[in-house]
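Q: Sharing a structure here in structure tokens format.
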Amino acid sequence: MQFEYDTTVLSVTRVTVEGTQFCSVFVGETPDPDKENDVHGFSVRKIPSDPAVFDQLNDIRYGDIKRKKLIMRMKGAAQGKAQPHVVGVVPDTKPAATASSKG
Numbered sequence: 360m361q362f363e364y365d366t367t368v369l370s371v372t373r374v375t376v377e378g379t380q381f382c383s384v385f386v387g388e389t390p391d392p393d394k395e396n397d398v399h400g401f402s403v404r405k406i407p408s409d410p411a412v413f414d415q416l417n418d419i420r421y422g423d424i425k426r427k428k429l430i431m432r433m434k435g436a437a438q439g440k441a442q443p444h445v446v447g448v449v450p451d452t453k454p455a456a457t458a459s460s461k462g
């Protein structure tokens with residue numbers, strides 16, 4: 360089952376370990392209401408992702424905060440638990456250009 364997750368992408372990292380690439384997306388959200396007194400700024404989460412996501416997020420730059428829609432699916436994790444995993448990015452939609460008319 361896949362779902363979309365609209366979030367603020369802070370960074371994306373890729374590492375190669377023994378020939379295998381691993382990728383993670385770091386996202387920031389407003390803190391949960393019960394934790395807002397214990398967090399200043401974003402509540403940051405690290406989400407594992409497919410290596411192809413690194414190239415799909417090539418417009419992320421330092422100091423440039425962007426909202427993105429990530430395509431996620433739940434993937435098996437340790438101790439029989441499940442965790443979200445980024446499998447893609449919904450392409451940005453650009454607003455249609457409006458033609459100005461002279462009158």
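Per our numbering, residue 360 is the first one in the sequence shown, and the count goes up by one each step.
Positions of the beta carbon are idealized from the N, C-alpha and C atoms, including for glycine.
It should be emphasised that the depicted structure is a prediction, and the values quoted were computed from it without experimental measurement.
Starting from the C-beta of Gly-447, find all residues in its chain whose C-beta is less than 6 Å away, skip the five residues before and the five after it, and write them out in chain order.
A: Here the set comprises Ile-430.
Q: To the nearest angstrom, how far is it from the Cα of Lys-434 to the Cα of Ile-406?
A: Lys-434 and Ile-406: Cα-Cα distance of roughly 11 Å.
Q: Taking Cβ to Cβ, would you say Ile-419 is nearer than 9 Å to Lys-428?
A: No; because the gap between Cβ atoms is not below 9 Å, this pair is not in contact.
Q: What would DSSP say about Lys-440, mapped onto helix, strand or coil?
A: Looking at Lys-440 - three-state DSSP - the assignment turns out to be coil, as it is neither helix nor strand.
Q: Report the option in Ala-411, Val-398 and Gly-400 whose CA atom is closest to the CA atom of Arg-373.
A: If we check each option's Cα against that of Arg-373, Ala-411 comes out closest.
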